[in-house]
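Residue numbers (this note's numbering): 31 to 100.
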C-alpha cells in the first residue's frame, strides 16, 4: 500500500496505479470535464493512462465552472 493525497485528503492506494485508475477509484463524476494536477503540475488527458501514481503524490481533481455577472 502507498499513501497519497487526493484533493487534500490522505488516501491509501495499491500500487502500481495509473492516474486513470485513481480517477475511477475515486468515482470522479464527469471525468471528461475534469482537469488533473499531480504534485502541482497539470497532466494532459492523453497521459492519464501512462502516468503511474507514486508514494507521496498529491493529486487534485479540478472542475472549472463558468459563470457570469448580471
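We treat Cβ as the ideally placed atom computed from N, Cα and C, and that holds for glycine.
Query	Result
Taking the straight line between their C-alpha atoms, what separation do you get for residue 50 and residue 56?	10 Å
Taking the alpha carbon of residue 80 as the reference point, which residue from 41, 39, 37, 52 has its own alpha carbon closest?	52
On the criterion of 16 or more Cβ atoms from any shown chain inside 10 Å, does residue 87 qualify as buried, or is it exposed?	buried
So what's residue 76 in DSSP terms, helix, strand or just coil?	helix
Taking the alpha helix (DSSP H) that residue 53 belongs to, which residues open and close that run?	49 to 55
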